[in-house]
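Okay, so here's the structure we're looking at.
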């Protein structure tokens, strides 16, 4: 089975630099895939992408060595399994609040006996190879998002679920949950403390910690802290930022 | 009929700042449309867009006041008329070489008696208004690309065609045609001279001159020279540039 | 943030005339949007539309001042949040049976602290404006469909949920639930009584009452009664009715 | 091979009632196909439809006995042959001006020795049957649009081309060409005379005459005159008209 | 209402030969539909198909007499009802584990009073006929997949649910659940015994038993045993197998 | 620039085994691409594929080392250049009849000074590399189809055009043109003689000869004769053949 290069990076205690695909276009994704990311995550939650389009984005990413991941819209078995069958090598699931939800996430992503994932890796076995069924459980990376107060209260329970590879901090929702305005790159002590707690617990449980960032400076700080999956930028943001700057320069 | 804001700019001798849509996604186009461009051109020639997708991009642009234009793949009446019926307020046609080709271009874009455009403005009359048929001929902007040696030799013939609004310089193809490597923002004397000639002839014929640029600095120089439709940047380039820079910063 | 014109109508105790989009075509939706409706609802439940297509319909509606709404397929957080992120200014959710379901609906549609909606208004902030996050909770209209016997038994509980804007009567399902054949414009005393009860309770709770109708005559009666969101007609029905009548006239 | 029911109607000197599909949605087309038309024409010229979408419309129509036709965007061999391969049983080609253009149209639509159509009826042989190649030339109906002054001047040359089944009057373009505002259901003597001339010539040449209409009343007059392919209405118009009338009734 | 030909076959104790559509292309489905299957099942679980595409596949199948079925991704009411509204004449739902899940499945598929399916058969009434609402409950076939250990333990509870037409064995998942490698055409005694038990229970409860197969030889054995819905082959497998064999012959 | 592996095969006097994609699905293409073909040709002429879909097929093929080619619908510059910009590494153009047509084909495919291809390799430079512009002219393979009587009469003129890589025999059209029924794998002496003549002339001009085949046996004979691009099978045929055989086995 094709190796999951993220797992090799993590084995070497290196951080994966992750890009984000929110534009429903396989061409946009292919451009992204050629820029040197370790992985690209197709965002089916807040991105403008659903399953059928996401498959074409997975194909576009598969023209390169970049690892294809997805964020699913919600903890729903149907879409989780469909995206894995389509060849996602990593899954990020939003708003996991407790151990029971984490267990349901893992169950949807792992074949028996570890979980209850249904068998049918129709594109995954093209991308991963004919021996995908035998190695998928240890190859596919599964992340639970920690972004609610309940999740903070249940970190041990969440992280104790066998088969979970990591947790992923959503700073906007976490901030909202704690009474702050949404946004990335938080400096508020209460939020920094919460983020640090997630990281510390992840290390304790031997899990990978990931986080969403708004600037490369902050993302690099997160790597220095110990985060090993750092997301920075998205196709949608690059378009908006590049266009806004260009127009501003022309109007100056 | 909805006014073509580009024509107002030109009446005031102001330059239109034009963006470029090459990504086949109406969401990408909508992001672009919110960044303050005077106009956006959907590129059906070198962009990854064909008719059916282009209609959704026109709709996305139509959620704002940005003027929607298209570049067609070639001087073919079918696609020219389809894009106008879909509500394009401007058309750029590649590789017009002589007066006869310019006349065919204009004929495809103008209703009788000026041309031979077939009647059926199915979306154009939604976007432009019920009186679109009466005003389309003077509202829609038609540009012939000047980018070949034959075009340089036939500038007067091309620009004498009644119903043509302007000419648009494609620096890459023009450079190729004259024996240089393709690329924007040319400084070679022979190319600068050719570009200046097109501009001078356009002024002489009372036409708008446009040009494709690779940097805002060059684009602003072109405005200073007298170009009144300056293109700079594209959604595809913004993704590539933004992602490449982000990854570089993370790897630094 | 862009105002929700429906809320202004309701503040003035005026009824909103709502059209219905069931055809998966942004062009069909754009035609609809130009006919003067106060709002258009994209039907992801019984219409032939899913998320990816619905986004293009939202864009098409956004070319006009018509307020874009959606009916989701079911009380599922994934699709509810995706449609809000895509810029829906109103949501109608089918088959809300009790207060707990109503609470889950509201939670999916409202940011903290009112609910648990995840943050990422990717297209909503283009359509609504950069301050969408601050005003979304009071701008977006959320309707629970009342169309089952259990819902009739739990009207107070449903309507007491903070953050719910209104209830929407589905006469076909309500009729089925009470043992009648499905269909609109009910005259049976038991059904009229049920509908009147919903309306009275809505007024009591300070909520907007909405209803689906089969004829303009009935819809106007509903407005006279006090309904303030009246749906009448759909793109699919207009095609079928117009074509059937035309063929009939030709065969006569 | 599946019979072309239009040809049977014409053999019995009956008129075919033809509907028009301009909305790029196979569901809209399927609704249309269930309303009793003799044939439906997918409009790739002024409709919002291109090839890939048109194939799904052909499939939708093929769920019924309604005969599927197309109007192509222009006299271009590529799209003509692609639509025939996709199973169109009739083709209407715009703006045929003289015998040479009519000959090119027929050549693109007929297999050797009658024409130069390339062989590969990939969907046509599913729809028409395995013996499609042997019978296509006499089964598929080919119409040249007569809508320009040059066409009026060349009626005999156009109609003398072997393999042409009929001519189809486009009243809007014909009116434009003769100096009138575009529109259907013309009453101006000069236009009526031109239309009558086309009809008379068609009868003389043993061809079917068709015409586009704006009302059933006019369409029925055209049948009485002798037209045997009368188009009336379109999915796009039914949506617009139905919605406009509904909103008007609600606002009254 | 259009008859469900599968139900006629089963009334005559004949087996239905069922094909499988996993490729998201209405053209691929139309090719399949012309090859003589009794039914075709569009796989929204492991196939590369979601709702919007599935509708076009249903249309493609509807050009023939082949019965259109779907396998849904999961026991989720939203997609179950959407597929039925789109005209599926049969539904297969994965991973039904007990009577309560079977009851939820049936409820989503049956109109009151038998279930809680919401009313709006938008395409189903085109395909099935205007009297679809009156006959859908007895016409549409509903299958629960038996493929987990829990399901084996709850066969009577599952099969006792009124309104269920049959059970469908997924041999791969069943094998996984019992500790074997996934795959079709099982010969292991424990698996054969489990399969036989499902079949025996189905006969006892008067239900149709179905099964997925990997070879025609095994499928025919299953028919001989008493299975009445046997699936064999898929468009995706035919492409892979045909291409692999062709390349092998060329390389030999 | 990424090497064109076909050119390496031809340099070693080896034949390329070419598959054919006629199904408009990137997933179908990806399945094909994993079966070991030297190249895959996306058929935009008789296949059910147009530009926008073809791009996704190119992406799917690009996930493997298989060389992506296209057959365009017709000798039209717009689509030729768009497909090259999209990354096709080979082009087959139907119905080239004489040297002038061959010259137009080559001109559309080659950058100056060899031809007049317009510059903008938007996806080609992702797939081929940043130095695509410098090497495209010698990397991209251009084939003219020889399949008409006029082409047979003009073989020397066609093959003398500088920049043409090869000729490709379309046996069905060639047979039609010479008065035979269409079909592959011709044995008629007149047709064999014509095919042999094309091959001999190609060798004489130093060009690659290609041919479409209906069976591996015939294709291998063609290789033995000297053809170096042999097409055999297509996704559409594999589906039809596999399904037909499976159903036949079940009915036996």
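Chains as they are written, first to last, in the numbering used here: chain A, 4 to 255; chain B, 4 to 255; chain C, 4 to 255; chain D, 4 to 255; chain E, 4 to 255; chain F, 4 to 255. Positions of the beta carbon are idealized from the N, C-alpha and C atoms, including for glycine. Since the structure is predicted, the reported quantities are computational estimates derived from the model, not experimental observations.
| Query | Result |
| --- | --- |
| Per-residue DSSP class, three states only, for residue 67 of chain B | coil |
| Residue 49 of chain D at chain B interface by Cβ criterion, 7 Å | yes |
| Three-state secondary structure (DSSP) of residue 205 of chain E | helix |
| Pair within 7 Å by beta-carbon distance, residue 87 of chain F and residue 108 of chain F | no |
| Supposed close pair residue 204 of chain A, residue 162 of chain A - CB separation, criterion 8 Å | 6 Å |
| Residue 49 of chain F beta carbon less than 7 Å from that of residue 125 of chain D | yes |
| Min CB distance residue 38 of chain D to chain E below 7 Å | no |
| The stretch 16-24 of chain E contacting the stretch 226-242 of chain E, beta-carbon criterion three pairs below 8 Å | yes |
| Residues within the stretch 206-220 of chain F neighbouring chain E, beta-carbon criterion of under 7 Å | 219 |
| Residue-chain proximity (residue 58 of chain F, chain E), Cβ-Cβ < 7 Å | no |
| Within chain B, the residues that residue 235 of chain A reaches when beta carbons sit closer than 7 Å | 249, 253 |
| Touching by the beta-carbon criterion (3+ pairs, under 8 Å), the stretch 230-243 of chain B and the stretch 22-42 of chain A | yes |
| Listed by chain order, chain C residues near residue 223 of chain D by CB distance under 9 Å | 252, 253, 255 |
| Closest Cα partner of residue 38 of chain F within the set A/41, A/140, A/130 | A/130 |
| Start-to-end residues for the beta strand (DSSP E) that takes in residue 138 of chain D | Per DSSP, residue 138 of chain D belongs to no beta strand (DSSP E); it is in the alpha helix (DSSP H), 135-142. |
| Own chain residues within Cβ distance below 7 Å of residue 84 of chain C, not counting five before or after | 111, 120, 121 |
| Chain E contacts from the stretch 155-186 of chain A (Cβ-Cβ distance under 8 Å) | none |
| Inter-stretch contact at 8 Å, needing at least 3 Cβ pairs: the stretch 150-169 of chain F / the stretch 89-104 of chain F | yes |
| Neighbour-count burial assignment, residue 91 of chain F, 16 or more Cβ in a 10 Å radius | buried |
| Cβ contact (3+ pairs, closer than 8 Å) linking the stretch 163-182 of chain E and the stretch 203-219 of chain E | yes |
| Cβ-Cβ distance between residue 4 of chain E and residue 114 of chain E below 7 Å | no |
| Proximal residues of chain F, C-beta to C-beta of residue 2 of chain E below 9 Å | No answer is possible for residue 2 of chain E: the residues shown for chain E start at 4 and end at 255. |
| Residue-level contact to chain C via CB, residue 63 of chain B, 7 Å cutoff | yes |
| N-terminal and C-terminal residue of the beta strand (DSSP E) that residue 46 of chain D is part of | 42-46 |
| DSSP three-state assignment for residue 242 of chain F, whether helix, strand or coil | helix |
| Proximal residues of chain C, C-beta to C-beta of residue 115 of chain D below 7 Å | None at all; the shortest Cβ gap to chain C is about 38 Å. |
| N- and C-terminal bounds of the beta strand (DSSP E) containing residue 114 of chain B | It is not in any beta strand (DSSP E) - residue 114 of chain B carries neither H nor E in the DSSP assignment. |
| Enclosing beta strand (DSSP E) for residue 23 of chain F [first to last residue] | 19-24 |
| Which listed residue (D/222, D/194, D/248) has its alpha carbon closest to that of residue 180 of chain D | D/194 |
| Residue 27 of chain B: contacting residues in chain F (beta-carbon distance under 7 Å) | 55 |
| Helix, strand or coil at residue 214 of chain E according to DSSP, with G and I counted as helix | strand |
| Element boundaries [alpha helix (DSSP H), containing residue 129 of chain E] | 127-131 |
| Beta-carbon contacts of residue 191 of chain F that lie in its chain and below 7 Å, excluding the five residues immediately before and after | 183 |
| Test: residue 122 of chain E CB closer than 7 Å to a CB of chain C | yes |
| Rounded straight-line distance, which links the Cα of residue 144 of chain A to that of residue 95 of chain A | 8 Å |
| Reduced DSSP secondary structure (H/G/I, E/B, other) of residue 74 of chain A | strand |
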